[in-house]
Structure formats: C-alpha cells, structure tokens
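Below: the structure, in structure tokens.
Protein chains: 2
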Amino acid sequence: MARQATRAAQRVAVATEALRDEKFNARRVELAEAALETLGELGFARTSLREIAQNSAFTHGVFHYYFSDKLDLICCCVRHYKAKCVTRYDEVVTTAKSRDELTEGFLAKLAATLRDEARMHRLWYDLRSQAMFEPAFRKDVLEIDKSLEAMIWRIATRYAELGNKKPASSPAALYALFDGLFQSALLRHLANDEKAVPDLLDEVRRLLPTIC
Amino acid sequence: MARQATRAAQRVAVATEALRDEKFNARRVELAEAALETLGELGFARTSLREIAQNSAFTHGVFHYYFSDKLDLICCCVRHYKAKCVTRYDEVVTTAKSRDELTEGFLAKLAATLRDEARMHRLWYDLRSQAMFEPAFRKDVLEIDKSLEAMIWRIATRYAELGNKKPASSPAALYALFDGLFQSALLRHLANDEKAVPDLLDEVRRLLPTIC
DNA sequence: CAGCCGTCTTGACGGTTGTCCAAATTATTT
DNA sequence: AAATAATTTGGACAACCGTCAAGACGGCTG
Chain A
3 MARQATRAAQ RVAVATEALR DEKFNARRVE LAEAALETLG ELGFARTSLR EIAQNSAFTH
63 GVFHYYFSDK LDLICCCVRH YKAKCVTRYD EVVTTAKSRD ELTEGFLAKL AATLRDEARM
123 HRLWYDLRSQ AMFEPAFRKD VLEIDKSLEA MIWRIATRYA ELGNKKPASS PAALYALFDG
183 LFQSALLRHL ANDEKAVPDL LDEVRRLLPT IC
Chain B
3 MARQATRAAQ RVAVATEALR DEKFNARRVE LAEAALETLG ELGFARTSLR EIAQNSAFTH
63 GVFHYYFSDK LDLICCCVRH YKAKCVTRYD EVVTTAKSRD ELTEGFLAKL AATLRDEARM
123 HRLWYDLRSQ AMFEPAFRKD VLEIDKSLEA MIWRIATRYA ELGNKKPASS PAALYALFDG
183 LFQSALLRHL ANDEKAVPDL LDEVRRLLPT IC
C-alpha cells in the first residue's frame, strides 16, 4: 500500500516535472524569438541583453532567468530559427514532378529567402564566423551546417533523379558551392546591389544541369 | 626671382609633405600589423583598442593618433593582410609546367595556409560577416572579395590552359565554391578536426578536373 | 638657444555592458 | 486560506569600452 502510494507519487512528480520543463522551454523559445528581432538588426557583437529587452515586451532580468548566459541565448535563437530553415525547400522537393518544376520552385524560394529574410541569414553567417573564435558555438554551428548540407543534398538528388542521373559531386562540395553563392549574393543584396538576386538566380539556373 | 623662389619653396613643401605622408602610412601599417596579432586571436567584437595596445609595444593613444576610428584600424589591418594573400598562389601559377604540377603546388599552398594562417583567415571571415551589418566595411570587403575571385580565376584559367580547355563555370561560381570549401575546412580545422585538411585536399583534387 | 611641430603618453570622462540580487508579484500546492 | 514555490521586476554593481585632451618628449629650424 505504502509502496503503491510512493510509486504513484513518483509518477506524478515525474509528470509534473516534465510539464514544467516543457513550459520552461516554451518560454525560452518565446524569448528567443523576441531576441531574434534585435539580433538580426544589429548582429551578435553589437547586441546587448538590455537592447534585446527594450525592443521586446520583456525586461532584461527575465532573459537572465531563462538563459544562463548571453551565449546560451544566442545559441537557442539560431538553433530555433535554423530548425525552420532546413525544411524550407522540402515541399518543393516532394511535389515537383519535373526538373523544370523543381528548378523554378527552388529558385523562387531562394529569391524570396534572400529578399525577405536577409537579416536572419546574416545573423547565421555572423554566428558561424564567431564559432571560429568561440568554442562554445562550434557544436551547434557544425550541427546546423550538417543539416543544411543535407537539405541541399535532398534537392540535388531529387533533381538528378528526375533526369535519371546522379549528382556529379559530393554533398560537401555542393553545399559549399550553394552556400558560397548565397553568402556572396546576400552581402551584395544588403549593399543595395539590385542585381544581386537576379545574378544569383542566373548562376544557379546555369549550374544545376551541370552538376546533376 | 620672387616667383622662382616661391616655386622652389612649393616643390620642397610638396616633397616634404609626400615624405611625411609616406612615413605616416608606414607607421599605420606597422601598427596594423601589431593589431593583427590580437585581432586574429580574439576576433573583431572581442578586441578592444586597449587590448591591442597591451599585446603590443605601443600605447593605446598611438592607435587613436594614427587611426580616426576603430573601424578605420580594422579596415587597414585586413586590407594590408589580404593584399599579401592575393599573390599567394601566383608563383605556382606562373611556374607550373603541367596540370599535375599546378595541382600539387596549389594543394600544398592551400594546406599550408589552412594550417599556418588560420587565425588571420578567420578574421577575414569575421570582417566579411560584419560587413553585412556595418556599411562602413562593405566597400573594402567587396573589393577584397573581387580580388580573391580574380586570384582563383587565374589559377583556373591556367589549369584549363594546361589541358587545352576552358573553365566550365563563371568566376563567381568558382570563387563561391572554393571559398565555401575553405571556410568549412577552416571551421573544422579550428575545431581540432584532424581530417579537415586532408578532406579539403581530396575534395579539391577531385573537383579540379571536373570544372576545367 | 628658443620656439615650433610632429609624435607619443597618460589619465580621466561618460556611457554601456553582463551579472547579480532583493523585493514584488503570480502561480501552485497543502 | 495559508504557505510555499516559481516567476518577474528593476535597480545596483564593478568592469570595460571608445574617445578625448592636456601635457611631455625629442628633433628640427630659424
């Protein structure tokens, strides 16, 4: 009897703790999303916790309560954002019935991303550069990089499949290529170069058939 | 007579001013080189003028005397360093008598760069990311990027030439590819991934024949 | 030698930063 | 309803930042 009561109490305790954790984490994400606004605007270095708080509905103390550190916060932010990123092209990949359809769907998404989410992506590049100096960032950054590489690879293999071919290069090389192109286009776009987007699209359109 | 004296005086004045300018600029470069030590270690955001001064033989006041700004200093630093960078492979390009010779020479330099100058290159990537936020950096960064693209293009055209072919892609795409590969390898290398260098070499060795 | 000029040193200033904490408020349990 | 725990607030703190300016130093010129 006593033992049963103990067991039941334990189950309840475990359940409530899990619930608390979930709630805690949901709050973290909520705060991270608010922080992303300011981070995307100013970059990692120039953004202080106070500034993040001021541009949001929260006080700066809350951030310290939910995040052990400034690094902890940033990591959570970019992790959260990139989790959405890696699925961006999946719909196009699964629904496209021909090479052309895939190409156009991919290019459209690419252009929209460059135009509408430039600030978020520059934050990603910022963080990736910081990872070269700050070991605390490396694990997360390398992990995100891997998942982005996989995302590009899904597109490439599907594209090749639709032409009854196989990709001509490795996943790493392919990701490096697209990442390099996107990064360059992003910088030009942010520098108000109006040809940045069309140039990127032309380049990718020309490249796709040659590598698959 | 008076007019002649004036002219002579003007010539002297112009000459001495040019000399002063030259001396002034030489000092700037000297300071920039000292600053690069600390910048390569800590990155742009974490490095203060005081820290730069402390890790060098100069006081922090001198830096303010020779540079109007922190941005001014950093720009001078990376400009100076990258001016040397873009000539790194030129000797290999001009002396190589065959495709193999060019390949091996290029790969050797590439590996040496990754190993010996990792800190300087991460600073470059840092600055390039900052340029996405800080307009003051953009002009210099875009210019350096262009000259790096030209450097890669010189290698590619020479490589193609030695095989009586022409490069199969644009300068921009080629630079994006190599830059992306190098950046990824650099991050892995800094994260103590011992396979970073050999993996990069393998990748480039496989890639070269396919793009030219 | 006196005066000037370019160079450099040193210390101080206002402002911002990350961090911490005690108190207030709210939610949850007993 | 009382008590306990979780959450939130807003201010205090020391450390640090970029910038600046007053003055010191040393060589050059008149």
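Protein sequence lines, in the order shown, are assigned to chains A and B. Here my numbering is used: the first residue of the first sequence is 3, the next is one more, and so on. Here my numbering is used: the first residue of the second sequence is 3, the next is one more, and so on. Ideal Cβ positions, reconstructed from N, Cα and C, are used throughout, including at glycine.
Reference residue i, options the options, closest by Cα
i: B:K86; options: B:T96, B:Y67 and B:T115; result: B:T115
i: A:T61; options: A:L33, A:R81 and A:S70; result: A:L33
i: B:L188; options: A:R101, A:Q132 and A:R52; result: A:Q132
i: B:V216; options: B:D195, B:I146 and B:V31; result: Missing from the structure shown is residue 216 of chain B; chain B here goes from 3 to 214 and no further.
i: A:L38; options: A:R101, A:F135, A:K84 and A:A113; result: A:K84
i: B:N194; options: A:W155, A:A170 and A:M134; result: A:M134
i: A:A55; options: A:A36, A:K72 and A:L73; result: A:A36
i: A:C78; options: A:I146, A:D181 and A:I213; result: A:I146
i: A:K72; options: A:T49, A:E93 and A:N166; result: A:T49
i: B:E136; options: B:D74, B:T159, B:L112 and B:L176; result: B:D74
i: B:D201; options: B:K141, B:A113, B:N166 and B:L176; result: B:A113
i: B:L210; options: B:F180, B:H82, B:K197 and B:E93; result: B:F180
i: B:N27; options: B:A59, B:S100, B:L51 and B:H82; result: B:H82
i: B:K111; options: B:A59, B:Q185 and B:E93; result: B:E93
Close beta carbons around residue i, own chain, < 6 Å, minus the five adjacent residues each side
i: B:K207; result: The sequence shown places Arg at residue 207 of chain B, not Lys. Nothing meets the Cβ criterion.
i: A:K168; result: A162
i: B:S70; result: none
8 Å contact criterion, which residue i and residue j should meet: CB distance rounded
i: B:A152; j: A:E205; result: No, B:A152 and A:E205 are not in contact; Cβ-Cβ is about 17 Å, not under 8 Å.
i: B:L164; j: B:L203; result: Between B:L203 and B:L164 the Cβ distance is about 19 Å, and since that is not below 8 Å, they are no contact.
i: B:L183; j: A:A178; result: 4 Å
i: B:I213; j: B:S149; result: With a Cβ gap of about 21 Å, B:I213 and B:S149 do not count as contacting.
Nonlocal neighbours in the same chain, by C-beta distance under 7 Å from residue i, ignoring five residues either side
i: A:L129; result: F46, I76, V80, F139 and V143
i: A:I157; result: Y91, V95 and F108
i: B:N57; result: E39 and T40
i: B:W126; result: V80 and K84
i: B:Y68; result: R29, R30 and L33
i: B:V88; result: S149, L150 and M153
i: A:T159; result: P169
i: A:W155; result: P173 and L176
Same chain, Cβ closer than 8 Å to residue i, neighbours up to 5 away in sequence not counted
i: A:L192; result: A120 and R124
i: A:R117; result: H191 and V199
i: A:E53; result: T40 and L44
Length-filtered (4 minimum) alpha helix (DSSP H) runs lying within the region 128–193 of chain B: Listed in chain order, they are 137–163 and 173–192.
Sequence ranges, alpha helix (DSSP H) only - wholly within the region 45–99 of chain A, length at least 4: 51–56, 62–68, 72–87 and 92–97
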